[in-house]
Amino acid sequence: MDHKLEWLTVAILDATLLIIVLFPISYFMILKPLHAHLLQALRQSEDQFQSLTKTATDAILGVDEFGKISIWNDAATKMLGYKASYAIGHSLDTLVVPQGYRATLRDALAYHHDSDRGNGGGETLELVLLHKDGTEIPVELSASSYLRNGCRHATAIIRNINHRKQTEAELLSLTERLRKSLITTVQIVARAAEAKDSYTGGHQLRVSRLARRMAQEMGLESQQVEGIRLGALVHDIGKIQIPSELLSKPTKLSAAEFELIKEHALNGYNILKGIEFPWPIAEIAYQHHERWDGSGYPQGLKGEAICLEARVVAVADVVEAIGSHRPYRASKGHQEALDEITKNRGKKYCPIAVDACLKVFADNFSFE
29 MDHKLEWLTV
39 AILDATLLII
49 VLFPISYFMI
59 LKPLHAHLLQ
69 ALRQSEDQFQ
79 SLTKTATDAI
89 LGVDEFGKIS
99 IWNDAATKML
109 GYKASYAIGH
119 SLDTLVVPQG
129 YRATLRDALA
139 YHHDSDRGNG
149 GGETLELVLL
159 HKDGTEIPVE
169 LSASSYLRNG
179 CRHATAIIRN
189 INHRKQTEAE
199 LLSLTERLRK
209 SLITTVQIVA
219 RAAEAKDSYT
229 GGHQLRVSRL
239 ARRMAQEMGL
249 ESQQVEGIRL
259 GALVHDIGKI
269 QIPSELLSKP
279 TKLSAAEFEL
289 IKEHALNGYN
299 ILKGIEFPWP
309 IAEIAYQHHE
319 RWDGSGYPQG
329 LKGEAICLEA
339 RVVAVADVVE
349 AIGSHRPYRA
359 SKGHQEALDE
369 ITKNRGKKYC
379 PIAVDACLKV
389 FADNFSFE
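Residues in the sequence shown are numbered from 29 upward in steps of one, following the working numbering.
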């Protein structure tokens, strides 16, 4: 036992001596150069970060766990007016954020101390910041949060989008002017039909009112409702190419005369197709005499091959025509018109359009 203990003691002393001798060598040959390399890499990283924040065209802000500004680059000074020496240490909320946006920004930057969440971010939102002079600046803010020593910090990249907002407003204004111009075009075309035949003009206006209410009852989007209203307003425009004596003939039309009248659908399409509407105005004129079962004209379209807008106008057209006075007969009344579309629901007429029309009349619709 004494021999073994002596051997172990010698081994420990030898190992200790070896460590004492090799540690300085390893420090100077390995650890010190490695430490120097790490310090150099850290300085380079810091220099790169400083260069990035200094030359960035977007504002870069850092916020500590208390909501105090810790990073403020030159672009932030240019955008918001405050120098970094003044901004750092101030609360971001009270310095540049209007009252109405403070809660939104707090949520975006995730101001809390829950260290279990780890890093998070990537959230982008639009809001308004205040320049030093009180000017409101629309910005786009991308925020990220991270944990540091158990506390949550955040960084934000902020871009001035004032020019983009101005461009969007100008585009919206231009779009609205174009929309009004197109509506005016439709109204002028409708008046052209009325100048040729006052009955046609009045008929189109009444069909337009009913078709619009039907489209609303069907829950269609406002743009589609507007297209149906305008398309109905000119659905018979092709009749301006039909001889006036046929349009106002007080007796029943012959088969040949009726074939001529039927051409108004194609005529209307040819008149309207050259105008670039955002709605299927030309197709409404072309298809408003097509029927659900394929028995209509001029193309013999069937079912959903007929555009929805034309299906709505077709039902409104039939109801108005039956219920109104014609040159060759007196009005048959609205009840007979409703009986017609009810009897032929799913046959001649689109079921959902018929249902909408019946509901509209049940709600006391009036053409006037």
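Built from N, CA and C at the ideal position, the CB exists for glycine as well.
In this text, all values refer to a predicted model and were calculated from it rather than measured experimentally.
Item                                                                                                                  : Value
C-beta atoms of valine 388 and valine 343 nearer than 8 Å                                                             : no
Nearest neighbour of lysine 160, chosen from Ser272, Ser209, Ala104, Gly266 [CA to CA]                                : Ala104
CA-to-CA distance, threonine 183 to histidine 140, given in whole angstroms                                           : Only weak support exists for where histidine 140 lies, its pLDDT of 44 falling under 50; the coordinates are left without a value.
First and last residue of the uninterrupted alpha helix (DSSP H) at threonine 370                                     : 362-371
Reduced DSSP category for alanine 84 - H, G, I as helix; E, B as strand; rest coil                                    : coil
Leucine 200 classed as buried or exposed, judged by whether at least 16 other C-beta atoms fall within 10 angstroms   : exposed
Limits of the unbroken alpha helix (DSSP H) element including threonine 105                                           : 102-108
Limits of the beta strand (DSSP E) - the one that alanine 182 falls within                                            : 179-188
Helix, strand or coil at arginine 145 according to DSSP, with G and I counted as helix                                : With a pLDDT of 47 at arginine 145, under the threshold of 50, the modelled position of this residue cannot be trusted; read the value that follows with caution. It is helical.
Proximity winner among Glu368, Arg241, Ile289, Ala293, relative to histidine 263 (alpha-carbon distances)             : Ala293
Pair within 8 Å by beta-carbon distance, leucine 366 and leucine 386                                                  : yes
Per-residue DSSP class, three states only, for glutamate 168                                                          : strand
Host alpha helix (DSSP H) of cysteine 385 (start-end)                                                                 : 379-390
Residue range of the unbroken alpha helix (DSSP H) whose run includes glutamine 251                                   : 250-261
DSSP-derived helix/strand/coil call for tyrosine 174                                                                  : strand
Beta bridge counterpart(s) of glutamate 154 as assigned by DSSP                                                       : Glu168
Whole-number beta carbon distance between alanine 313 and tyrosine 297, since they are thought to touch under 8 Å     : 5 Å
Opening and closing residue of the alpha helix (DSSP H) in which tyrosine 114 lies                                    : 112-115
Histidine 191 classed as buried or exposed, judged by whether at least 16 other C-beta atoms fall within 10 angstroms : exposed
Three-pair Cβ contact test at 8 Å for the region 243-252 versus the region 266-278                                    : no
Distance CB(leucine 108)-CB(leucine 153) smaller than 8 Å                                                             : no
Contact check, leucine 123 vs leucine 89, beta carbons under 8 Å                                                      : no
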